[in-house]
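Colleague: Residue numbers (my numbering): 431 to 1169.
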C-alpha cells in the first residue's frame, strides 16, 4: 500500500510538467503585442483623453519632441501593448508605438543610430527608453494617466503582465497548497510507511481514552451478585495489594466479562473503576482497528505506557473485546495482518517482560467462543466472569433499582412483573420501567399503576398498540381461535407455564398475544421440549379444528418450532434415529455424511408433525373450552389470568388433560392424519348497548345473517395476515361481558 509520503514525489513531478507546458503559452500570449501591425491606438488609451478629433498615428520621435516643446497637455502610456497616446493644447489626439528595447542599444530616430552626427544635430536631447518615457513626460510637464490593460482589438493581448507576473504567482500558490495538503493528510493518516507514526501522531490513542472516575458503585448494580463478588477482589487488590502479597497471592492480570447483551458488563467495569478510585482507561475494540499495518499495535503500546505512569494503579477496559481478540488464522493469508498484529502486541503487554504492578485489564464480550485461546490462558486473562440473565430474585432487584425514585403506586406489582419476565436482561427490565413511566405521564397521572407496568412490558415485547390495522371479514375470528388454541394448550401441558394474558389487539406486525408465565430452568427435558412445541403449534391446530382450514397466522410459530426441533436433534441428542450425534457445537459445524444429514432433516420434520398432531388431538377433545375461550376473546379482546381460570375451570374430564409422552412419539415420519371436523356456525355476538342494540352502519340483513357451514369453511381457507405470538390491535367497541 502506498503511503502519502510516496505520493508526494510523483505529484510534484506532474506539477513541474504542467508548468513546462504552460510556459510557452504564457510567452505566446505576449508575442502579439510585439508583432502586431501598425494601426490606430487602442480605444482604452484615447478615450480617457477626450479629444474632439480621431487619433492620428505619428512617430515616437514626434510625440517626444512635442512633449519637450510643451505642446502636450496629457498622455496615456500602456507598456503592456507598447503604445502611447497624447492630447495637445489644440485638442488633437495623437498616438505612437513605443519601440521595444534592444540589447546594447538605446532608442534612436528612425534611420540613424543613436550617437550619430545627424542625430546630434537634430536634437540636443536623446530619445527616452521605453521604461524612461513616463519620467520624461512628467519632467516636461505632461500629465500622465495610468492606462488599463490593452484589449485584443488594440493588438496588445494580455500576455505582458499575465505572463510575466500573475501566472507564475498563481502556479506557485497552487503548488504550495497541494504540498501543504499532502503533508497534512500524511500526518493525519499515520506518518511514514509501515504505519510507524511519530510521537503525537496517528499511532497514539485518542486523547479522551482516560475518562473521569465513574460515579457508579457496586450498590448501583443488581441481578449479578456472583459477578460482583468476583470483581470485589479486584478492587481489594488495587486498594491494598500488601494484604495479598503477604500470603503470596498474585494480582489477576486480566478479567473477561462475558454474557448476553444488556446484562451489565460495561456497568460492572465502571463500578470497579468507581470503587477502586484509580485512573480508568475506557476503549472499544474498534478503536484499534486501522487501515495501516502497525497502527493498532502502536496504539496498544501507547495505551499501556500511559497506564503504567500511574503510581496508584490503573484499569484498562476494552469494550467489545472480540474486535481485536478474535481467534487468529481464520481469514485469508494477510487479510487480518493488522488485527493480528494488534492482538500480538496486546498479548506481549499482558504477559511480556515489562512490569505491570497494580494494572488490571478488563474485557467485555458477547462471544467468548470467538476469542483466541492465547488470550484466555492463565497469566493473561486469569478470570472469566459470566454475567448471565438474572433469575427472578435478580430481576426483582433490577426492577427496584430502576424504579428507585419513581412513584410506584403498588410496589407489589414489581414482584408480579419479575415472575413473568424470565429471560429478560437488565437493559430490557429498565426499558419496561421507563415505558411504564411514559404511559403514566401520557395519561396525566402522578403515580405509576400496575396497568402501566403491564403496558410497558407489552410495548417492550411487541410494540405499541395499533389502531390502523384493517381486517377482512372473518379474520378477527381466526385470530381469536388461534390465540385461544395457544392458551388452552398451555393449560393442558403440565410442564408448560400457564397463560397469564391473551389478547387479540394489534401490536406491531403481529396479530395476537399469548403471554405465558416463566420459570428459571437449568435443564430441558425431552418431554418439556415436546410440550413447548405442542403449545406453539396449537394456534394452527385450533384453526384446523374450528374451521377445517389453516392460515398464514402460524408463520412465527413455525419458525420457533423448527428452531426447537433442530436444536433437539443437532445439539441435544433427543432423536432416537440420529442418536447422540451432534452436528452443531457453538459456531462450528461438524462434518457429517449426506445420509446423516438427510436423517436429521427427516427427524426435524417428524418432531414438528408429531407436535402438530398432538395439538389437534388435544384441542379436538376439548372443543367446548376452545370455543368458549375464543368467544370471550371476541367480546373482551383481552383476558387476564383470573378470567382464564374462570373460563377454563371445567377442564376436569371429557378427554385427555395432557399431551402424549415424548417417548411414545412415532419413530418415523408419517403423514399426519387430521380428522376433518365440521365447523359449527359462529354465534352472533351481542351488539353494543350504547348504539341501541344496532352496530353503526350495519343493515338488518347483516345483523340477522347466520354463517353457514360451507361458507365458513371457504372463507377461512384464505390467506390471512400474520398472527404470531403477539396480537393485533383493532379499535373495537366495548361489548357486554360473558357471564
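We put the CB at the ideal spot given by N, CA and C, even for glycine.
With contact counted as at least three CB pairs below 8 Å, one residue from each stretch, are the region 687-702 and the region 648-666 in contact?
Modeller: Verdict: yes, contact present.
Colleague: Check each candidate in 970, 919, 954 and 689 and name the one with the smallest Cα separation from residue 946.
Modeller: In the chain shown, counting from the first residue as 1, residue 946 sits at position 516. It is 919 whose Cα lies nearest to the Cα of residue 946.
Colleague: If distances are taken between C-alpha atoms only, which option among 961, 780 and 876 comes closest to residue 735?
Modeller: Translated into the one-based positions of the chain shown, residue 735 becomes position 305. When only C-alpha atoms are compared, the closest one is 780.
Colleague: Per DSSP, which one or two residues make a beta bridge with residue 1189?
Modeller: Limits of the chain in this structure are 431 at one end and 1169 at the other, which puts residue 1189 out of reach.
Colleague: Do residue 713 and residue 652 count as a contact pair if the criterion is CB distance below 8 Å?
Modeller: Within the chain shown, the letter at position 222 stands for residue 652. Within the chain shown, the letter at position 283 stands for residue 713. For residue 652 and residue 713, no; Cβs fall outside 8 Å.
Colleague: Quick check: the region 978-990 against the region 1021-1034, are at least 3 beta-carbon pairs closer than 8 Å?
Modeller: No: fewer than three Cβ pairs fall under 8 Å.
Colleague: Could you name the residues that DSSP lists as bridge partners for residue 911?
Modeller: As a first step, residue 911 must be located in the chain shown, where it is residue number 481. Residue 911 pairs with nothing; no bridge assigned.
Colleague: Under a three-way DSSP split, which group does residue 1170 fall into?
Modeller: Here the chain covers residues 431 to 1169 and nothing more, so residue 1170 does not appear.
Colleague: For residue 994, does the three-state DSSP call read helix, strand or coil?
Modeller: For the purposes of this step, residue 994 is identified with residue 564 of the chain shown, where counting begins at 1. It is helical.
Colleague: In the DSSP assignment, the beta strand (DSSP E) including residue 887 goes from what residue to what residue?
Modeller: Counting from 1 along the chain shown, the entry for residue 887 is found at position 457. Residue 887 -> not in any beta strand (DSSP E); alpha helix (DSSP H) instead, spanning 880-892.
Colleague: At what residue ranges does the region 639-679 contain a whole run of the alpha helix (DSSP H), taking only runs of 4 or more?
Modeller: 655-669 and 671-675, all fully within the region 639-679.
Colleague: Check whether the region 866-880 touches the region 838-856, taking contact to mean three or more Cβ pairs, one atom from each stretch, closer than 8 Å.
Modeller: Counting Cβ pairs under 8 Å, three or more are found: they touch.
Colleague: Cα-Cα, which of 563, 944 and 711 is closest to residue 514?
Modeller: Working through the chain shown from its first residue, we reach residue 514 at position 84. Looking at the Cα atoms, 563 is the closest of the given residues.
Colleague: Which residues in the same chain have their Cβ closer than 8 Å to the Cβ of residue 650, if we skip the five residues on either side of it in sequence?
Modeller: Taking the first residue of the chain shown as 1, we reach residue 650 at position 220. Closer than 8 Å at Cβ, skipping near neighbours: 697, 701 and 831.
Colleague: How about the region 1034-1047 and the region 966-974: do they share at least three Cβ pairs that are nearer than 8 Å?
Modeller: Cβ pair count under 8 Å is three or more, so yes.
Colleague: Compute the Euclidean distance between the alpha carbons of residue 583 and residue 612, then round it to the nearest angstrom.
Modeller: Within the chain shown, the letter at position 153 stands for residue 583. Within the chain shown, the letter at position 182 stands for residue 612. Unreliable placement is indicated for residue 583, whose pLDDT of 35 sits below 50; no coordinate value is reported for it.
Colleague: Cβ atoms of residue 1088 and residue 922: under 8 Å apart, would you say?
Modeller: By 1-based counting over the chain shown, the position of residue 922 is 492. By 1-based counting over the chain shown, the position of residue 1088 is 658. Yes, the Cβ-Cβ distance between residue 922 and residue 1088 is below 8 Å.
Colleague: Along the chain, where does the beta strand (DSSP E) containing residue 688 start, and where does it finish?
Modeller: For this step, residue 688 is matched to residue 258 along the chain shown. 684-688 is the extent of the beta strand (DSSP E) around residue 688.
Colleague: Report the option in 888, 644, 856 and 729 whose CA atom is closest to the CA atom of residue 869.
Modeller: Walking along the chain shown from the start, residue 869 turns up at place 439. Comparing Cα positions, the closest option is 888.
Colleague: To test your reading of the DSSP string, which unbroken beta strand (DSSP E) runs of 3 or more residues are found completely within the region 933-987?
Modeller: Fully enclosed beta strand (DSSP E) runs of 3 or longer: 943-946.
Colleague: Just grab the DSSP bridge partners of residue 1019 for me.
Modeller: As a first step, residue 1019 must be located in the chain shown, where it is residue number 589. Per DSSP, 1014.
Colleague: Quick one: residues in its chain with C-beta nearer than 7 Å to the C-beta of residue 917, no 5 flanking neighbours on either side, listed in chain order?
Modeller: In the chain shown, counting from the first residue as 1, residue 917 sits at position 487. So the qualifying residues of the chain are 929, 932, 944, 1059 and 1074.
Colleague: Hey, out of 1047, 1064 and 644, whose CA is closest to residue 907's CA?
Modeller: The residue given as residue 907 occupies position 477 in the chain shown. Comparing Cα positions, the closest option is 1064.
Colleague: How long is the line joining the alpha carbons of residue 609 and residue 728, rounded to whole angstroms?
Modeller: Within the chain shown, the letter at position 179 stands for residue 609. Within the chain shown, the letter at position 298 stands for residue 728. One C-alpha to the other measures close to 27 Å.
Colleague: Could you tell me if residue 706 is buried or exposed, where buried requires 16 or more neighbouring beta carbons within 10 angstroms of its beta carbon?
Modeller: By 1-based counting over the chain shown, the position of residue 706 is 276. So residue 706 ends up on the buried side.
Colleague: Name the residue from 1045, 643 and 939 whose alpha carbon lies nearest to the alpha carbon of residue 892.
Modeller: Walking along the chain shown from the start, residue 892 turns up at place 462. The shortest Cα separation from residue 892 among 1045, 643 and 939 belongs to 939.
Colleague: Assign residue 492 to one of three DSSP states: helix, strand, or coil.
Modeller: Here the question's residue 492 lines up with position 62 in the chain shown. Residue state, collapsed to three classes: helix.
Colleague: From residue 980 to residue 814, what distance separates their C-alpha atoms?
Modeller: Working through the chain shown from its first residue, we reach residue 980 at position 550. Working through the chain shown from its first residue, we reach residue 814 at position 384. Between residue 980 and residue 814, the C-alpha separation is close to 49 Å.
Colleague: With 16 other CB atoms within 10 Å as the buried threshold, where does residue 378 fall?
Modeller: Lying outside 431 to 1169, the shown extent of the chain, residue 378 is not represented and no answer is given.
Colleague: What is the DSSP secondary structure of residue 796, counted as helix, strand or coil?
Modeller: As a first step, residue 796 must be located in the chain shown, where it is residue number 366. Coil at residue 796, not helix or strand.
Colleague: Would you mind working out which of 742, 756, 723 and 747 sits nearest residue 771, comparing C-alpha positions?
Modeller: For the purposes of this step, residue 771 is taken as the residue at position 341 of the chain shown. Ranking 742, 756, 723 and 747 by Cα distance to residue 771 puts 723 first.
Colleague: At the level of alpha carbons, what is the spacing between residue 601 and residue 607?
Modeller: Within the chain shown, numbered from 1, the residue matching residue 601 stands at position 171. Within the chain shown, numbered from 1, the residue matching residue 607 stands at position 177. Approximately 10 Å, taken between the alpha carbons.
Colleague: Within the region 678-762, note down every full beta strand (DSSP E) run reaching 3 residues or more, in order along the chain.
Modeller: With a minimum length of 3 residues, the continuous beta strand (DSSP E) runs that stay inside the region 678-762 are 684-688, 710-714 and 744-749.
Colleague: Between the C-alpha atoms of residue 1052 and residue 1002, what's the straight-line distance to the nearest angstrom?
Modeller: Your numbering for residue 1052 matches position 622 in the chain shown. Your numbering for residue 1002 matches position 572 in the chain shown. Roughly 33 Å between the two C-alpha positions.
Colleague: Taking only three categories from DSSP, how would you classify residue 895?
Modeller: Taking the chain shown and counting its residues from 1, the one referred to as residue 895 is at position 465. Of the three classes helix, strand and coil, the one that applies to residue 895 here is strand, per DSSP.
Colleague: Shortest alpha-carbon distance to residue 659 belongs to which of 817, 953 and 1028?
Modeller: Taking the chain shown and counting its residues from 1, one reaches residue 659 at position 229. Selected option, being the one with the closest Cα: 817.
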